[in-house]
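Protein chains in written order, with the working numbering: chain A, -2 to 149; chain B, 80 to 436.
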């Protein structure tokens, strides 16, 4: 029994060491160079208050230069997963860098986002349990899509 | 007790593992019906040329091929953007009028009018602005100034009437701005619709089964996140090497234009139209094969390691984006000629260094 506790204690110490070592590097690598607000989708396209509210609440953590990191984003191993997933998310859609798109691409990205929400693929199912605020109701999705289509 | 602790620990780790932002679903739709695809892609059509534009197009074509408009009278636009070779010269870097190499791979001029901006770093907002660049670039055509360009053009008698016809409302027709406008007007017609466009228009037989499988994989891998729209690219800037860092960090791309940190390693997403014909690939032209380029893009932009057979599949699809070169349009027939036959560029065999390499 005593040996088990020693092994368990050793494992915990090792994990704590990992966390300490990786905490700073993980945070540093997650730091984003922020884009000016004028470059954001909501400013460039003049999004209405509900659209703004929806994307800030449900999308911005992964799809903008302004994430609100949860505590586990600083704890290994989840930190590296959050980092990798956010990078992938930003590569596909970044609401903060709308100035990098033509009107044609802007429309494609908005309709993509609408389709992902409508099909209940976004936010991702495993993101929702720890981020209940990111859940979207039907009215919010409908409103976002109607607004996205009005941009055509 | 140990079992309970171990279970709690395991559950905790599991929760942390799944609590991240998660991967974007790169497969928004595997529906490859033309109707479904048109939410993301648009067919390319070649507009009918208006009669009033014809003199300007003819002039632009003539200027495009004219090697006398370089310091050494040995380099034209066509030297690096060979119109009968899909608008590229096939080299990693192009050689300028005095034998020096340019700093980036020469992108194709075909379908360039679909781009959101010109050059790899987007430093020219349109084709007119772009046309003013290489002619004055010391390592390209090397003309010392815009005034010198005008003087050179004025020294060639045949241009006087061509400029007058192209710009009939101008008292001073031969100007540097008009030179650029004429070249840009000609380049706007360098369009190459392909079987892909027929497919988007509803002809589902335009792509065979292998090509359709490649298309599905192209979508599933996430390539269409950036390579979409009418140009299948060319309509956004993206960071090269994202999420995974690109190996060559020497050329910082758009950062050299804006000096903004957020633009480090950001480049214009190139069009994929005619991609099988426009290698070597990327801004540094360091990748010779299309398959290797697909492999790198999947790894560095989409976080996907594709199998060799999958790369082949995507390449098979990409080849459907190759359209025929508009031979009649690019034929450098003397504007005085009324010959309807297709003529090849008059300086094809003396293409400066472009053909010599």
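Beta carbons are placed, not taken as given, at the ideal position from N, Cα and C, and that holds for glycine. All values reported here derive from a predicted model rather than from experimental measurement.
Cutoff 8 Å: residue i Cβ touching any chain A Cβ
{"i": "residue 380/B", "result": "yes"}
{"i": "residue 172/B", "result": "no"}
{"i": "residue 190/B", "result": "no"}
{"i": "residue 104/B", "result": "Confidence at residue 104/B is low in this model, with a pLDDT of 41, below 50, so the placement of that residue should be treated as unreliable; the coordinate-derived value is given next. For residue 104/B, the answer is yes, since a Cβ of chain A falls inside 8 Å of its Cβ."}
{"i": "residue 195/B", "result": "yes"}
{"i": "residue 322/B", "result": "yes"}
{"i": "residue 101/B", "result": "Its pLDDT being 38, under 50, residue 101/B is placed unreliably by the model, and the measurement read from it follows with that caveat. Chain A, which has a Cβ nearer than 8 Å to the Cβ of residue 101/B, makes this yes."}
{"i": "residue 315/B", "result": "yes"}
Cβ shell of residue i (< 7 Å), same chain only, five flanking positions each side left out
{"i": "residue 36/A", "result": "93, 94, 95 and 96"}
{"i": "residue 87/B", "result": "Bear in mind that a pLDDT of 45 at residue 87/B, under 50, signals an unreliable position, so the number given afterwards is only what the model happens to contain. Excluding sequence neighbours, residue 87/B sits near nothing in its chain."}
{"i": "residue 51/B", "result": "Any answer about residue 51/B is impossible in this case: the structure gives chain B only from 80 up to 436."}
{"i": "residue 125/A", "result": "131 and 132"}
{"i": "residue 55/A", "result": "120, 131 and 133"}
{"i": "residue 375/B", "result": "366"}
{"i": "residue 396/B", "result": "290, 293, 294 and 297"}
{"i": "residue 325/B", "result": "319, 344 and 379"}
{"i": "residue 65/A", "result": "58"}
{"i": "residue 333/B", "result": "200, 201, 316, 342, 345 and 346"}
{"i": "residue 116/B", "result": "279"}
Cutoff 6 Å; reference residue i; Cβ partners in own chain excluding five residues on either side
{"i": "residue 134/B", "result": "244 and 245"}
{"i": "residue 142/A", "result": "111"}
{"i": "residue 135/A", "result": "none"}
{"i": "residue 70/A", "result": "76 and 79"}
{"i": "residue 225/B", "result": "255"}
{"i": "residue 314/B", "result": "195 and 308"}
{"i": "residue 218/B", "result": "175, 179 and 181"}
{"i": "residue 166/B", "result": "160, 187, 188 and 189"}
{"i": "residue 146/A", "result": "none"}
{"i": "residue 59/A", "result": "83 and 86"}
Where residue i falls: helix, strand or coil (DSSP)
{"i": "residue 321/B", "result": "coil"}
{"i": "residue 44/A", "result": "coil"}
{"i": "residue 193/B", "result": "helix"}
{"i": "residue 20/A", "result": "Its pLDDT being 48, under 50, residue 20/A is placed unreliably by the model, and nothing is read from it."}
{"i": "residue 347/B", "result": "strand"}
{"i": "residue 174/B", "result": "strand"}
{"i": "residue 112/A", "result": "helix"}
{"i": "residue 161/B", "result": "coil"}
{"i": "residue 77/A", "result": "helix"}
{"i": "residue 203/B", "result": "strand"}
{"i": "residue 66/A", "result": "coil"}
{"i": "residue 368/B", "result": "coil"}
{"i": "residue 315/B", "result": "strand"}
{"i": "residue 332/B", "result": "strand"}
{"i": "residue 124/A", "result": "coil"}
{"i": "residue 98/A", "result": "strand"}
{"i": "residue 453/B", "result": "Past the boundaries of the shown model lies residue 453/B; chain B is included only from 80 to 436, so the question cannot be answered."}
{"i": "residue 90/A", "result": "coil"}
{"i": "residue 269/B", "result": "coil"}
{"i": "residue 180/B", "result": "strand"}
Nonlocal neighbours in the same chain, by C-beta distance under 8 Å from residue i, ignoring five residues either side
{"i": "residue 409/B", "result": "140, 162, 163, 269 and 424"}
{"i": "residue 31/A", "result": "62, 63 and 93"}
{"i": "residue 150/B", "result": "176, 177, 220, 221, 222 and 223"}
{"i": "residue 392/B", "result": "289, 292, 293 and 296"}
Proximity test, residue i beta-carbon vs the ligand SAH heavy atom, cut-off 7 Å
{"i": "residue 261/B", "result": "As far as ligands go, the structure on display features none, and thus does not contain the ligand SAH."}
Beta carbon proximity, residue i to chain B, threshold 8 Å
{"i": "residue 81/A", "result": "yes"}
{"i": "residue 32/A", "result": "yes"}
{"i": "residue 84/A", "result": "yes"}
is_contact[residue i, chain E] using C-beta, thresh 8 Å
{"i": "residue 64/A", "result": "Within the model displayed, chain E is absent; protein chains A and B are what it includes."}
*With 8 Å as the C-beta to C-beta threshold (strictly closer), list the residues of the segment 88 to 111 of chain A near chain B in chain order.*
88, 89, 90, 94, 97, 98, 99, 101, 102, 105, 108 and 109
_Any 3 or more C-beta pairs closer than 8 Å across the segment 163 to 178 of chain B and the segment 192 to 211 of chain B_ = no
*Taking three-plus beta-carbon pairs below 8 Å as touching, is the segment 109 to 128 of chain B in contact with the segment 299 to 318 of chain B?*
In this structure the segment 109 to 128 of chain B lies against the segment 299 to 318 of chain B, because at least three pairs of beta carbons, one per stretch, are closer than 8 Å.
*Taking any Cβ of chain A, which residues in the segment 286 to 310 of chain B have a Cβ under 8 Å from it, in chain order?*
Taking 8 Å as the Cβ-Cβ cut-off, the segment 286 to 310 of chain B approaches chain A at 301, 304, 307, 308 and 309, given in chain order.
*Taking one C-beta from the segment 334 to 352 of chain B and one from the segment 140 to 155 of chain B each time, how about it: are there three or more such pairs within less than 8 Å?*
no
_To be precise: take each residue of the segment 108 to 124 of chain B, compare its Cβ to all Cβ atoms of chain A, and keep it if any distance is under 8 Å. Which residues remain?_
The segment 108 to 124 of chain B vs chain A, Cβ under 8 Å: 108, 118, 119 and 121.
*Taking a Cβ distance cut-off of 7 Å, strictly less, list which residues of the segment 338 to 352 of chain B are near chain A, in chain order.*
340 and 341
*Segment contact flag, the segment 44 to 58 of chain A with the segment 132 to 141 of chain A, C-beta cutoff 8 Å, min 3 pairs*: yes
*asked:* Using 8 Å as the cut-off, can you tell me whether the segment 256 to 276 of chain B makes contact with the segment 180 to 197 of chain B, which would need three or more C-beta pairs spanning the two stretches below that distance?
replied: A contact exists between the segment 256 to 276 of chain B and the segment 180 to 197 of chain B.
*asked:* Assess contact between the segment 108 to 117 of chain B and the segment 289 to 302 of chain B, defined as three or more Cβ pairs (one per stretch) separated by less than 8 Å. Is contact present?
replied: yes
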